[in-house]
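Asker: What follows is a structure written as structure tokens; I'll ask about it next.
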Amino acid sequence: MRAARAFRFARAVHVSFNLALDFDSALRSAATAAGFADAEALNPEVRVSDPRHGDYQANGVLGYAKARKLNPRATAEKLVAALPASVRETCDVTIAGPGFINFTLKPATLFAWLRAHPSIAQLRVGAATAKRDQTWIVDYSSPNTAKQMHVGHLRSAVIGEALARLLAFSGAKVVRDNHIGDWGTQFGKLIWAYKRQLNTDALSREPLEEFERLYKVGNSTAEADPAVLDEARAELVKLQAGDPENLAIWKKINDVSLAAFQRIYDQLDIRFDVALGESFYNDKTDQIYRELSDLGLAVESEGALVVFHPEHPRFKEQPLIIRKRDGAANYASTDLATILYRFEHFKATGALYVVDKRQSDHFDQLFLTAQKWFAASHRTLPHLEHIDFGTVLGEDNKPLKTRSGENIKLRDLLTEAEARALALVSERSPDIPAEERAEIARLVGVASVQYADLSQNRSSDYLFAWDKMISLEGNTAAYLLYAVARIHSIFRKLGIDPTAGELDTAATPLETAEELTLARKLVKFSNALDSAVTQLRPHFLCLYLYELAGDFSGFYNADKVAVEDPAIRARRLLLCARTLLLLETGLNLLGLRTLRRM
RNA sequence: GGAUCCGUAGCUCAGUUGGAUAGAGCACUUGGCUUCGAACCAAGGGGCCGGGGGUUCGAGUCCCUCCGGAUCCGCCA
């Protein structure tokens, strides 16, 4: 009887995807209802709270009262007294300390949230308001052709992919752009060597290694022989003038490179919408020189065309070089052309440049220049942001290299991750058939690499340690994937489909401490997503998923799911199903694949 | 020389426009599998948040200064 009443109540309560937003608007309207003089100035500052204090807390009253020389505690009391009745139905509200307002969700509210979000479709509806009607370009990976991707390329690819997925889930139209370096000065020497020294066997076997070898041949030969250097320069001039033969070689090098890159992207589950490299903007730089010169932004200096920023402490003397002394374009030229193209062609709200933080000077100069350029030409500048990230370091605290000092190839790194994962799977799950073990290892190996990268604040340098990465413990991919596999296992044993909507019909309200702790964590998915998206830092979502998996493990250990009592069993299955949904959704948003058995 | 970022437990790291007693993991100690996957869980010790000064109801967070580290600074990207 009690259970039935609670069930009806839960159904009647309206719950939003993001409960913090409900409390925010409730407090704002309470400020008006309470007759605050400048009620609209109150920013409630609702955030997820330490569980000791409740589920959410509002800190904004403190600042509001301080600015007006009011007693913060009394202000909070007035505000709480004026809260809409609906808030009282969903949670307990208390005032603590100098004027913190604490919200503790009632079990029925938790239950209602779980019922209201049975599938990814409902999560998407809730999440997709944040970036609705916006178009974002995510510029990431961006390797140079004719070279292999090395460990330095990992972070851009992994972080960029996660951000692209997070923005898309938040309702934005996302254009994933691989801004490949396909137009460098290296092509002169490369083409020179390609015409003379190409090993076709090697080309078909290991094309990138062959290109790298050819470049080295071209480079060393040109260094030794000035005549060769002139020939190589001539090859570059011919290419840039559109010589059919050189253009064909250039195209072949790029096509083969992209196909090789794609094998890495497949492993990482990355798919670009466009790959508009530097060559694409080759014919679009003259307009840049012209416009910036006409506007007086660009001036000649030491033979080059450059932009100074006189008001800036550093860029008044450190120019942005947009055309080299020899008349050729560089990456500043193409980057400016790229901004214009993204503005005109994609009508972009903004563009995110997922690039090493060592290039922050370049982007500061670039964005400052674009800002003045767009303002002077009466255009609206999209939001441009450099998504910087730190260097991958080895255990010696220096940039990660092989023992012989070479860059570690990304392909080798992923292969090694897979091998280590296979050793682990074979040790822990010897009963799984070898073929499936290999499949699991492929997934776990790559996921571990991705997750290790994403789980740390991207701006910090990142210490690469195999043992930490492939480890099963702590904040690692394997720990999260294990939780996913274990939940699948429960449903498999019981012969129930976790996505079936009828799980909760017999459920009674949550009771045990572990059930409630888990449910309280589940409803905060939206807040973790929000942190990750607004700050463009995936590690907030990683941390949440890790804590969620931890709360699930605690629940799993304390409360048996497959019990006789149908009501208890139903509500625990509901918790399992939602934990599974959020873990899988969250991991997929980070770019990871999940599995059912490991 | 100029500039940017960083310094939190033995190690690796979180700490969201300044908020409540600074949090995790690893390592260490102890306990838990005849019961849904122990690749798990529970409990414990461990901190002048680099030093000093300032701003205020409140500072790991903001300002100043010193010490230590990383990175960038004209035609590579």
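Going by this note's numbering, the first residue of the first sequence is number 3, and it counts up by one from there.
Built from N, CA and C at the ideal position, the CB exists for glycine as well.
Every value quoted in this text rests on a predicted model; they were computed, and no experiment measured them.
(1) The alpha helix (DSSP H) spanning Asp141 covers which residue range?
(2) For Gly190, which of Arg235, Ala224, Asn201 and Thr596 has the nearest alpha-carbon?
(3) Compare the C-alpha of Ser462 against each of Asn180, Gly392 and Leu577 and name the closest.
(4) What are the start and end residues of the beta strand (DSSP E) that includes Tyr58?
(5) Looking at C-alpha atoms only, which residue of Tyr453, Glu516 and Phe493 is the closest neighbour of Gly588?
(6) Where in the region 58-110 do unbroken runs of the beta strand (DSSP E), each at least 3 residues long, occur, reported from the N-terminal end onward?
(7) Do Ala372 and Ile341 have their beta-carbon atoms positioned less than 7 Å apart in this structure?
(8) In the DSSP assignment, what are the bridge partners of Ile389?
(9) Any idea what DSSP makes of Glu441, helix, strand or coil?
(10) Can you give me the C-alpha to C-alpha distance between Ala2 and Ser88, rounded to a whole angstrom?
(11) Pick out the complete alpha helix (DSSP H) segments inside the region 179-254, 4 residues or longer, and give them in chain order.
(12) Tell me the rounded alpha-carbon separation between Ala12 and Phe113.
(13) Check for me: the beta strand (DSSP E) holding Ile341 runs from which residue to which?
(14) Between which two residues does the beta strand (DSSP E) harbouring Val308 extend?
(15) Check Pro568 in the structure and name its three-state DSSP category.
(16) Are there 16 or more other CB atoms within 10 angstroms of the CB of Arg327, so buried, or fewer, so exposed?
(17) Tell me whether Ala350 is buried or exposed, calling it buried when 16 or more other Cβ atoms sit within 10 Å of its Cβ.
(18) Hey, out of Arg488, Leu299 and Val357, whose CA is closest to Arg460's CA?
(19) Beta strand (DSSP E) containing Ile611: first to last residue?
(20) Do the CB positions of Leu168 and Leu576 come within less than 7 Å of each other?
(21) Among the candidates Ala443, Leu584, Glu313 and Ala83, whose CA atom is the shortest distance from the CA of Gln269?
(22) Judging by CA-CA distance, which residue of Ala43, Val48, Tyr58 and Asp26 is the nearest neighbour of Lys68?
(23) Going by C-alpha distance, which of Ala560, Val535, Leu531 and Phe557 is nearest Leu547?
(24) Among Asp57, Glu475, Ala485 and Asn180, whose alpha-carbon lies nearest the alpha-carbon of Ala521?
(25) Measure the Cβ-Cβ separation of Ser533 and Phe527 and say whether it is below 7 Å.
(26) Pairs of beta-carbons, one from the region 138-155 and one from the region 411-425, closer than 8 Å: are there three or more?
(27) Pick out whichever of Thr417, His364, Ser158 and Asp296 has its Cα sitting closest to the Cα of Pro2.
(28) In this structure, does DSSP put Leu302 in helix, strand or coil?
(29) So is Lys523 buried or exposed if we call it buried at 16+ other beta carbons inside 10 Å?
(30) Roughly how many angstroms lie between the CA atoms of Glu211 and Ala204, to the nearest whole one?
(31) Short of 8 Å in beta carbon distance, which residues of its chain neighbour Pro312, apart from the five on each side in sequence? Order them along the chain.
(32) For Gly62, I'd like the list of residues in its chain whose CB is within less than 7 Å of its CB, leaving aside the five on either flank, ordered along the chain.
(33) Starting from Arg126, follow the alpha helix (DSSP H) in both directions and report where the run begins and ends.
(34) Assuming Phe466 and Glu516 are in contact, meaning their beta carbons sit under 8 Å apart, how far apart are those beta carbons, in whole angstroms?
(35) What are the boundary residues of the alpha helix (DSSP H) that includes Arg413?
(36) Name the DSSP bridge partner or partners of Asn146?
Answerer: Here's the rundown:
(1) Here residue 141 corresponds to residue number 139 of the first sequence, with the count starting at 1. Note, Asp141: premise wrong, no alpha helix (DSSP H); beta strand (DSSP E) at Thr137 to Asp141.
(2) Along the first sequence, one-based indexing puts residue 190 at 188. Cα-wise, what sits closest to Gly190 is Arg235.
(3) Walking along the first sequence from the start, residue 462 turns up at place 460. It is Gly392 whose Cα lies nearest to the Cα of Ser462.
(4) For the purposes of this step, residue 58 is identified with residue 56 of the first sequence, where counting begins at 1. That run of the beta strand (DSSP E) goes Tyr58 to Ala60.
(5) Looking up residue 588 in the first sequence gives position 586. Ranking the options by Cα distance to Gly588, first place goes to Tyr453.
(6) 58-60, 93-98 and 102-107
(7) Along the first sequence, one-based indexing puts residue 341 at 339. Along the first sequence, one-based indexing puts residue 372 at 370. Closer than 7 Å, so yes.
(8) Counting from 1 along the first sequence, the entry for residue 389 is found at position 387. Answer is Val356, bridged to Ile389.
(9) Counting from 1 along the first sequence, the entry for residue 441 is found at position 439. Here Glu441 sits in helix by DSSP.
(10) What the structure shows of the chain is the stretch from 3 to 600, and residue 2 is not part of that stretch, so it cannot be assessed.
(11) The qualifying runs are 188-199, 202-207, 209-226 and 228-243.
(12) Residue 12 sits at position 10 when you count from the first residue of the first sequence. Residue 113 sits at position 111 when you count from the first residue of the first sequence. For Ala12, the predicted structure reports a pLDDT of 43, less than 50, and the residue's modelled location is therefore unreliable. The matter cannot be settled from this model.
(13) Residue numbering aside, residue 341 sits at position 339 when the first sequence is read from its first letter. Not the beta strand (DSSP E): Ile341 falls in the alpha helix (DSSP H), residues Tyr333 to His347.
(14) Within the first sequence, residue 308 is the residue found at index 306, counting from 1. Counted as a single uninterrupted DSSP element, the beta strand (DSSP E) harbouring Val308 occupies residues Ala306 to Val309.
(15) Position 566 of the first sequence, counted from the first residue, corresponds to residue 568. Helix.
(16) On the first sequence, position 325 is the one that residue 327 refers to. When all chains shown are included, Arg327 counts as exposed.
(17) Your numbering for residue 350 matches position 348 in the first sequence. Under this definition Ala350 is a buried residue.
(18) Position 458 of the first sequence holds residue 460. Checking every option, the nearest Cα to that of Arg460 belongs to Val357.
(19) The chain is shown only over 3 to 600; residue 611 falls outside these bounds and no answer can be derived.
(20) Reading the first sequence from its first residue, position 166 is the one you call residue 168. Reading the first sequence from its first residue, position 574 is the one you call residue 576. Result no, Cβ atoms of Leu168 and Leu576 do not sit closer than 7 Å.
(21) As a first step, residue 269 must be located in the first sequence, where it is residue number 267. Gln269 has its Cα closest to that of Ala443, out of Ala443, Leu584, Glu313 and Ala83.
(22) Translated into positions along the first sequence, residue 68 becomes position 66. Of the candidates Ala43, Val48, Tyr58 and Asp26, the one whose C-alpha sits nearest the C-alpha of Lys68 is Ala43.
(23) Reading the first sequence from its first residue, position 545 is the one you call residue 547. Measuring from the Cα of Leu547, the nearest candidate turns out to be Leu531.
(24) Numbered from its first residue, the first sequence carries residue 521 at position 519. The shortest Cα separation from Ala521 among Asp57, Glu475, Ala485 and Asn180 belongs to Asp57.
(25) Mapped onto the first sequence, residue 533 falls at position 531. Mapped onto the first sequence, residue 527 falls at position 525. No, they are not a contact pair.
(26) The region 138-155 is in contact with the region 411-425.
(27) Residue coverage of the chain in this structure runs from 3 to 600, which leaves residue 2 outside it and unanswerable.
(28) Reading the first sequence from its first residue, position 300 is the one you call residue 302. The sequence shown places Glu at residue 302, not Leu. Residue state, collapsed to three classes: strand.
(29) Here residue 523 refers to the residue found at position 521 of the first sequence. So Lys523 ends up on the buried side.
(30) Working through the first sequence from its first residue, we reach residue 211 at position 209. Working through the first sequence from its first residue, we reach residue 204 at position 202. Straight-line spacing of the CA atoms in Glu211 and Ala204 works out to 8 Å.
(31) Counted from its first residue, the first sequence places residue 312 at position 310. Cβ within range, chain order: Lys318.
(32) The sequence position of residue 62 within the first sequence is 60, counting from 1. For Gly62, same chain residues with a beta-carbon under 7 Å away, outside a window of 5 residues either side, are Leu44, Asn45, Pro46 and Glu47 in chain order.
(33) As a first step, residue 126 must be located in the first sequence, where it is residue number 124. Here the alpha helix (DSSP H) through Arg126 covers Ile122 to Ala129.
(34) For the purposes of this step, residue 466 is taken as the residue at position 464 of the first sequence. For the purposes of this step, residue 516 is taken as the residue at position 514 of the first sequence. That pair is no contact at about 36 Å.
(35) Counting from one through the first sequence, the residue named residue 413 turns up at place 411. Unbroken alpha helix (DSSP H) run through Arg413: Leu412 to Arg430.
(36) Residue 146 sits at position 144 when you count from the first residue of the first sequence. According to DSSP, Asn146 bridges with Gly183.
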